[in-house]
């Protein structure tokens with residue numbers, strides 16, 4: 322199957338599935354948004370815009386990647402890692418029937434399509450994403466991230482390294498490195514090291 326034909330097949334399937342879903346969810350007044358599931362740029366721009374808008378409005382997003390293309394699955398997972406308001410799930414079929422038979426518009430293809438989309442599914446499975454996201458999830462975390470970024474900026478301004486945590490504390494404007502401040506900044510340093518952003522010497526004070 323040539324790439325162009327494959328794109329047409331996916332576009333046809335996506336449209337038919339979306340129309341059926343729109344009818345079933347009519348009471349919720351769903352909004353149809355078109356995109357090309359075989360085009361990375363189209364998929365990324367569309368999904369990113371939807372989730373970003375939902376975040377601004379304080380809404381949670383559930384992304385169903387069932388029966389979509391491998392490309393769009395990858396895009397959806399990538400974007401979900403960028404936003405804390407998004408979750409991804411899929412509904413596996415009891416009997417996967419992906420191998421296309423016939424050509425678009427032919428009776429053989431329509432028979433395959435109707436059979437494939439009417440396969441019974443098993444329980445939905447949520448894709449367990451890492452807890453770390455590319456944006457803070459709470460006001461507290463946002464403040465912690467700002468401190469982390471400031472530590473990195475101060476390290477850069479001071480030659481890329483510090484002799485001790487006490488130096489970092491002084492760079493922040495504190496006159497003395499109390500035990501409370503040492504503990505707080507030790508946690509910041511540990512988080513940065515866990516993220517692979519710095520190499521910390523545990524013997525520093």
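Numbering (the numbering used here), first residue to last: 322 to 526. Just so it is clear, CB atoms sit at the ideal spot from N, CA and C, and this is done for glycine as well.
Closest option to residue 445, judged by alpha-carbon separation, among 428, 432 and 411: 411. If only complete runs of 3 or more residues are kept, the segment 370-410 shows the beta strand (DSSP E) at 382-385, in order along the chain. By the neighbour-count criterion, in which a residue is buried when 16 or more other Cβ atoms sit within 10 angstroms of its Cβ, residue 483 is buried. By the CB criterion at 7 Å, residue 368 and residue 348 fall outside the cutoff.
For residue 382, the closest alpha carbon among the candidates 389, 495, 433 and 372 is that of 372. Taking the C-beta atoms as reference points, residue 448 is found nearer than 7 Å to residue 409.
As a beta-bridge residue in DSSP terms, residue 442 pairs with 414. In chain order, 386, 409, 448 and 450 place their CB closer than 8 Å to the CB of residue 398, counting only its own chain and leaving out the 5 sequence neighbours on each side. The beta carbon of residue 414 sits closer than 6 Å to the beta carbons of 440 and 442 from its chain, once the five residues preceding and following it are set aside; these are given in chain order.
Straight-line spacing of the CA atoms in residue 404 and residue 503 works out to 32 Å. Residue 511: member of the alpha helix (DSSP H) spanning 500-515, first to last residue. Annotation for residue 351: 343 place their beta carbon closer than 7 Å to its own, counting only its chain and skipping 5 residues before and after. In this chain, the alpha helix (DSSP H) harbouring residue 488 covers 486-492.
In the three-state scheme derived from DSSP, where H, G and I count as helix and E and B as strand, residue 427 is classed as coil. When beta bridges are read from the DSSP output, residue 448 appears opposite 409. The residues 429 and 433, in chain order, have a CB closer than 6 Å to that of residue 422 in the same chain once the five nearest residues on each side in sequence are set aside.
For residue 353, the closest alpha carbon among the candidates 338, 362 and 361 is that of 338. Annotation for residue 346: no alpha helix (DSSP H) segment contains it, and DSSP assigns it neither H nor E.
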